[in-house]
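Peer 1: One structure follows; several queries about it will come next.
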Amino acid sequence: MGKVVVVTSGKGGVGKTTSTAALGAAVARTGKKVALVDFDVGLRNLDLIMGAERRVVFDLVNVIQGTAKLSQALIRDKRVETLFLLPASQTRDKDALTEEGVGEVIDKLRSVFDYVFCDSPAGIERGAQLAMRFADEAVIVTNPEVSSVRDSDRIIGLLDARTVKAEQGEQIAKHVLVTRYDAARAARGEMLSIDDVLEILSTPLLGIIPESQDVLKASNLGSPVTLSDPTNSAARAYIEAAKRLEGEELPVVVPFERKGFLDRLFGRRAA
Amino acid sequence: MNLFDLFKRRGSAPVARERLQVLLAYERRNRSQPDLVSVLREEIMAVIAKHVQIDQDYLQVSMDRGETMSTLEIDIQIPNKSARPLAMSA
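Listed below in structure tokens is the structure:
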């Protein structure tokens with residue numbers, strides 16, 4: 001039985017889709033069978049980040065409504081052969097997903113794949129709740145910024161109340177993934193520190209992804225950052241986070257920026 | 001930036017942290033009571049329905065949270081035409 005991991009955040013634009021692609025690809029690279037499911041019906045983007053936008057024929061809604069088989073809708077990645085994508089539909093009907101339908105699809109995926117990553121839409125509405133509904137674990141993507149941390153707290157509350165696991169009295173395993181972390185700004189006290197975020201959310205840390213040009217470059221190219229250039233700092237951080245998700249005990253190193261003399265004197269970057 | 005600012009460099013993150021801690025403490029407390037207003041609304045509706053037929057829309061329940069005291073406001077409208085005592089029709 002595979003593990004179902006929801007990648008969620010509440011707030012939009014913090015890096016859910018990027019993180020789903022990067023973590024999923026990093027796990028699949030080790031030989032595990034991985035399915036990435038896009039739950040953002042109407043605004044799908046995981047296909048674009050994965051570089052599979054021109055290969056979408058059927059989608060999640062087709063499978064739920066029975067117009068396509070699951071095997072027809074799954075798109076195999078061209079770089080990693082154990083990596084698959086189930087795209088969301090572009091329909092504007094927001095009731096296209098039913099709880100029973102999603103449950104059936106997740107059950108089938110769970111029986112075939114080692115990992116099923118559910119890319120949640122932003123918000124706390126139906127789509128986001130369906131994405132988390134059948135999850136065993138959750139990755140909460142958070143930027144070190146007040147509105148993102150507040151929304152993450154809200155999502156943590158929902159994970160503990162509205163998932164099948166929580167309703168059965170079990171604990172859903174939650175991990176915070178801090179993205180777009182700028183070590184220099186944190187050192188200058190301009191950005192919430194990792195300790196601040198973890199203390200406020202009181203949830204264990206999965207990893208810290210540094211703010212990096214390589215992330216944008218990877219999405220321009222339609223490749224998860226962990227595949228396009230696995231050596232850059234963001235990719236390395238995602239690969240380590242993926243290992244922790246698989247249960248490996250790796251210490252998290254907070255990206256550190258040495259303060260120069262001028263920085264120390266003026267508390268700003270010496271231009 | 002004036003000369004004074006050069007020496008005052010604590011950054012804004014501590015402010016962010018403090019604001020979040022206060023706000024989330026409040027929001028979590030409210031979350032743990034599973035929507036008191038809608039529970040009250042349902043129960044009040046059930047009590048009224050025993051005696052008078054009214055529409056869901058005619059019952060307004062709202063809670064105003066104050067510093068030291070909160071007010072619970074219940075507004076029930078019974079339209080004269082549609083309100084038939086159940087005892088009569090039985």
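Residue numbers (full-length UniProt numbering), protein chains in the order written: chain A, 1 to 271; chain B, 1 to 90. Cβ atoms here follow ideal geometry from the backbone N, Cα and C, with glycine treated the same way. Owing to the predicted nature of the structure, the values given are computational and were not obtained by experimental measurement.
1. Could you compute how far the alpha carbon of residue 184 of chain A sits from the alpha carbon of residue 211 of chain A?
2. What does residue 149 of chain A touch in chain B if you count any residue whose Cβ is under 7 Å from its own?
3. Does the pairing of the stretch 53-63 of chain A with the stretch 129-149 of chain A give three or more beta-carbon distances under 8 Å?
4. Comparing the C-beta of residue 12 of chain B with each C-beta of chain A, is any distance below 8 Å?
5. List, from N- to C-terminal side, the alpha helix (DSSP H) runs of 4 residues or more that fit wholly inside the stretch 114-195 of chain A.
6. Could you check if residue 76 of chain A is buried or exposed, using at least 16 other CB atoms within 10 Å of its CB as the buried criterion?
7. Can you tell me the Cα-Cα spacing of residue 70 of chain B and residue 62 of chain B, whole angstroms?
8. Determine whether the beta carbon atoms of residue 42 of chain A and residue 82 of chain A lie at a separation below 8 Å.
9. Would you kindly report the start and end of the unbroken alpha helix (DSSP H) that includes residue 3 of chain A?
10. Along the stretch 188-203 of chain A, what residues have a CB closer than 7 Å to any CB found in chain B?
11. Give the interface partners of residue 153 of chain A over in chain B, defined as CB-CB distance under 8 Å, in chain order.
12. Compute the Euclidean distance between the alpha carbons of residue 194 of chain A and residue 3 of chain A, then round it to the nearest angstrom.
13. Pull out every residue of the stretch 122-149 of chain A whose Cβ sits closer than 7 Å to any Cβ of chain B, in chain order.
14. For residue 37 of chain A, which three-state DSSP category applies?
15. Going along chain B in order, which residues have a C-beta closer than 7 Å to the C-beta of residue 157 of chain A?
16. Buried or exposed, going by whether 16 or more other CB atoms sit within 10 Å of the CB of residue 83 of chain B?
17. Can you tell me the Cα-Cα spacing of residue 70 of chain A and residue 33 of chain A, whole angstroms?
18. So, does the CB of residue 49 of chain B fall closer than 8 Å to a CB anywhere in chain A?
19. Tell me the rounded alpha-carbon separation between residue 72 of chain B and residue 64 of chain B.
20. Determine the closest residue to residue 12 of chain B out of A/188, A/239, A/250, with distance taken between C-alpha atoms.
21. Which residues in the same chain have their Cβ closer than 7 Å to the Cβ of residue 55 of chain B, if we skip the five residues on either side of it in sequence?
22. If residue 130 of chain A sits next to residue 102 of chain A, beta carbons under 8 Å apart, how far is it from one beta carbon to the other, in whole angstroms?
23. Candidates A/220, A/245, A/139, A/203: which alpha carbon is nearest residue 28 of chain A's?
24. Please list, in chain order, all residues of the same chain as residue 182 of chain A whose beta carbon is under 7 Å from its beta carbon, the five residues on each side excluded.
25. How big is the Cα-Cα spacing for residue 113 of chain A and residue 30 of chain A?
26. Between the C-alpha atoms of residue 98 of chain A and residue 121 of chain A, what's the straight-line distance to the nearest angstrom?
27. Would residue 116 of chain A and residue 35 of chain A be called neighbours here (beta carbons separated by less than 8 Å)?
28. Taking just the CA atoms, how far does residue 39 of chain B sit from residue 90 of chain B?
29. Please report the distance separating the alpha-carbon of residue 59 of chain B from that of residue 76 of chain B.
30. Using a Cβ-Cβ cut-off of 7 Å (strictly less than) and excluding sequence neighbours within five positions of residue 268 of chain A, which residues of its own chain qualify?
31. When you compare only the Cα positions, how much space is there between residue 218 of chain A and residue 16 of chain A?
32. Between A/86, A/143, A/13, which lies nearest to residue 68 of chain A when the distance is taken from Cα to Cα?
33. Under a three-way DSSP split, which group does residue 76 of chain B fall into?
34. Residue 16 of chain B touches chain A at which residues, Cβ-Cβ below 7 Å?
35. Decide if residue 29 of chain B is buried, meaning its Cβ has at least 16 other Cβ atoms within 10 Å, or exposed.
36. So with Cβ pairs under 8 Å, would you call residue 176 of chain A a contact of chain E?
Peer 2: Walking through what the data contain:
1. 10 Å
2. 20
3. no
4. yes
5. 126-133, 146-162, 164-167, 183-187
6. exposed
7. 10 Å
8. no
9. Note, residue 3 of chain A: premise wrong, no alpha helix (DSSP H); beta strand (DSSP E) at 3-8.
10. 188, 189, 190, 191, 192, 193, 196, 200
11. 24, 27, 28
12. 27 Å
13. 146, 149
14. strand
15. 31
16. With a pLDDT of 49 at residue 83 of chain B, under the threshold of 50, the modelled position of that residue is not reliable, and no figure is offered here.
17. 15 Å
18. no
19. 6 Å
20. A/188
21. none
22. 5 Å
23. A/245
24. 191, 211
25. 14 Å
26. 15 Å
27. yes
28. Unreliable placement is indicated for residue 90 of chain B, whose pLDDT of 42 sits below 50; no coordinate value is reported for it.
29. 5 Å
30. With a pLDDT of only 49 at residue 268 of chain A, under the threshold of 50, the placement of this residue in the model should not be trusted, and no figure is reported.
31. 15 Å
32. A/86
33. strand
34. 146, 192
35. exposed
36. Reference to chain E is not applicable here, since the protein chains of this structure are A and B.
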